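Notes to accompany the following structure.
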Amino acid sequence: MKADARKANAPGSVCCVVFPAALNAAQRARLHEAAEQAGLAHESTGEGEQRMITVGSGKRVVLTSDGPVSDLAVRGWLKQYFGVTQSRSHAAAKSHAQTSTAPPTVESFVATTRRLIDVERGADVELGEAALAAGVEVAVARGICVRNLRVVDASPGFLGRTVLTLTLRGQADVPLPDHKLTVHDVVAVRPSSGAANEDVARGIVCRLTDTKLSVALDDAPEGGGLTDGALRVERLANDVTYKRLRASLDAVQAAHAGSGGAPPPGAHLVQLLFGRAEPRPIAPPKAPLKPINASLDASQNAAVSFALAAPELALIWGPPGTGKTTALVELILQSVARGERVLACSASNVAVDNLVERVRLASPKLRCVRLGHPARLAPAVVDACLDACVARADSSALAADIAKERRTLTSRLLKLGGSRDASERRDVRRQLGQLAKEERYRQKQAVEEVLDAAQVVAATLTGAMGKTLTQAGSTPRPPFDIVVIDEAAQALEVACWGPLLLGRKVVLAGDHMQLPPTVLSDEAARGGLFTTLFERAHQMHAPLCRMLTVQYRMNSAIADWASGELYNHQLTAPASIAEHTLSDLSTQAGDLPVLLHIDTAGCDMEEDAPSTAGEMAGEAESKRNPGEAAVAMKHVNRLLDAGLQASQIGVITPYSAQVQLLRQLRAEGGPRLSSVDISTVDGFQGREVEALVISCVRSNADGNVGFLSDVRRMNVAVTRARRHCALIADSETLRSDAFLGRLCDWFEAHGDLMSAAQYSV
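Numbering (my numbering), first residue to last: 203 to 963.
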């Protein structure tokens, strides 16, 4: 709420309104949020059904209600007494994300989510296994299969696993064809023309380059299968994740019902986060927090202090570039210093690895254990993974001899091929199995010792639901004092509950104004599967949230747009960041503005029909715009000519078909363009570049903007840029949407406007 608007409603400045106890938890949260944004005093008093909220100061007005209060009534009271209307950030969230006037019951949440998980699992299978069953051609068209490969290296790696490196057969230096395989995918290695289930090996993609694909295997492969003819690599559906999500729902239901033996440490959080209990009072700290990291800004310091003081739940809202990870590292270190055990989680391996790396860098002696398959971890944290810690803990000569003998047998197996060696291969594999069993037995106790001694355990959300933490040894493992969930606004709620129940307190960190978790099924999305725990907790318990307000990424011309549209003008920046430009990197880039709208209107650059893009991408709903793609790459060349490095430039677009087209143009552009990062907007979330090119794709006579109208997607897109953001878009199409029209206005008012036709000259 702007100051002049408050002055215009003078009665509100002398009112102290006591709202009725009949308000639900979500309505109370919105009152606190609205009062905070308008600069009004606000407090809660009473417990349970007698809890009431008081807003403002001056003449006291007590409101009453004989029954449930509607949202319309709450908004009316705010406007009547304080002149306050719904905040822009909340309005944006409500128009583009599911909201509810009251939290769901535990029973309805469990039943609905269980059904939606099954729907999502079905969509996953349809995109993966069903495509494979339809034939190799279909799998290749959908990008989940790469064929005509050969093994160029097979060597031990990743703590006893075997790593296969594959390239195109007979063309080692030729780029792999377009595909959608990514690092961490579960894949099968099969004969290129073989049956759908004719496996040579199964494993996890651990490295990808333009010309090579590496797969880490848990079990040694059949030697003959690796050398006989061409191979293909196919992505498989990972059912482990869905099983763990179902187990998480079972745990929530049991904790709510009080069944299943002793309640988990976080059982009380079920009542709090489903509106059946109010937060416990927060005792003020006895002394100001003494930061371990002296460079924390005031908002980071306040968020960490609040999270440490909160007895059950705290939220840290981190808009783009505000140093959320820095705040979480400080929180973890402060918690450990108080003698607490911490479980640190996030939905993605990348986010967990980043947190682990930062924590270990800040405190090298801290005992931090990273759960997860070594092939899925960043090289910088592999030595912190459980396997590596156990290997160091179990230092007996026998354990070392077992590992050495396994490596020798693995090397021998890889040299065996053809039918004449079949008997010997079986014998070697039998020996390997026996040695592996003996090694696992000897290491079981070491695992317990490592985890019990750990001060911080880090894992993905689903990784924390595995047997390592949920099924302790003969002696119950101590509960975690605090569970920290990073990127909680980009994680499925059901995925959060597994680790959350393992601790006495939870801190959720994220930004619900950025993209929600990816959901494959439209039905599951419509059913609310992408509604996150962070979003619900923020609606219910806004007073337990602290927002980070100093951003360290963007020039003010970029940041001020996001701050005004989504963050109530609360984001600020140090002058060194707010004023930085491309000219700081290269004197030749002085004529490039911070914001540039390259308008394709009237330039004959319309989007392809869905069927055309679908035929190319294997996705009927994806779209592309060849003319716009050509302009994007010409602007990239302009940036390179101005002295920027290719690694400082990113090109993003909402549509996967456009990504494939852009990557094709990058390949045609030669080595000069090879390091330019090209991705979907969703895939670029969490990253940043000095110069960003956004290809919007949509250009049609109907003014159809598709999911460009999702404010969160465009928020993510624009805020990836540090010093330069070029928006390539048809202004006539975008202006059919009010939000996108304001975006065009902002770029033109605070930057430069040029026609795409200028790139065609």
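Backbone N, C-alpha and C fix where the C-beta goes; we use that ideal spot for every residue, glycine too.
As the structure is a computational prediction, the values presented were derived from the model and not from experiment.
One alpha carbon belongs to Pro465, the other to His771, and they sit about 44 Å apart.
Comparing C-alpha distances from Gly574 to each of His743, Gln636, Val552 shows the shortest one belongs to Val552. Here Val376 is exposed. Its C-beta has fewer than 16 other C-beta atoms within 10 Å. Residue pairing of Thr855 in beta bridges, as defined by DSSP: Thr882.
CA-to-CA, the gap between Asp585 and Cys591 works out to about 7 Å. Residue burial annotation: Gly337 is exposed, with fewer than 16 other C-beta atoms found within 10 angstroms of its C-beta. Rounded to whole angstroms, the Cβ separation of Leu746 and Leu515 is 6 Å, and the two are in contact under 8 Å. Apart from sequence neighbours up to five positions away, the residues of its chain that approach Ile851 with a beta-carbon distance below 8 Å are Val838, Leu841, Leu842, Val878, Asp879, Val891, Glu892, Ala893, Leu894, Val895, ordered along the chain.
CA-to-CA, the gap between Arg925 and Thr783 works out to about 5 Å.
Just so you know, the alpha carbons of Thr751 and His234 end up roughly 18 Å apart.
Bounds of the alpha helix (DSSP H) holding Asp724 are 724-728. Secondary structure in the region 465-491: the alpha helix (DSSP H) runs of 4 residues or longer, each lying completely within the stretch, are 469-475 in chain order. Judged by their CB atoms, Ala549 and Ile534 are not nearer to each other than the 8 Å cut-off. Here Phe732 is not near Ala690, since their CB atoms are 8 Å or more apart.
Listed in chain order, the beta strand (DSSP E) elements of length 3 or more contained wholly in the region 738-816 are 747-749, 797-801. For Pro393, the uninterrupted beta strand (DSSP E) segment begins and ends at 388-393.
Between the alpha carbons of Arg868 and Tyr643 lies a distance of about 51 Å. Contact annotation: Asn902 and Glu808 have beta-carbon atoms nearer than 8 Å. Ala516 is bridged by DSSP to Val709. Per DSSP, the unbroken alpha helix (DSSP H) holding Met835 starts and ends at 828-843. Nearest to Asp412 by C-alpha distance, out of Ala453, Thr443, Asn440, Thr367, is Thr367.
DSSP, reduced to helix, strand and coil, places Gly943 within a helical segment of the structure shown. For the options Val353, Leu370, His743, Asn440, the alpha carbon positioned closest to that of Val417 is the one of Val353. Judged by beta-carbon spacing, Val883 lies beyond the 8 Å limit of Val853, meaning their Cβ atoms are not closer than that value. One Cα belongs to His799, the other to Ser962, and the distance between them is close to 16 Å.
Around the beta carbon of Glu781, fewer than 16 other beta carbons lie within 10 angstroms, which makes this residue exposed. Pairing Asp806 with Gly829 gives a Cβ-Cβ distance under 8 Å. Per DSSP, reduced to three states, the secondary structure at Val312 is helical. Sixteen is the threshold: when 16 or more other Cβ atoms of the shown chains lie within 10 Å of the Cβ of Gly712, as they do, the residue is buried. For the pair Gln741 and Thr734, the Cα-to-Cα distance works out to about 11 Å.
When DSSP reads this structure, Arg434 sits in a beta bridge with Arg392. In the DSSP assignment, the residues bridged to Ser246 are Ile255.
Three or more beta-carbon pairs separated by less than 8 Å link the region 432-439 to the region 379-392, which places the two stretches in contact. Residue Val276 holds the alpha-carbon nearest to the alpha-carbon of Ser267 among Val276, Pro776, Gly260. With fewer than 16 other Cβ atoms from the protein chains shown falling within 10 Å of its own Cβ, Leu563 counts as exposed.
DSSP, read as helix, strand or coil, puts Phe508 in helix.
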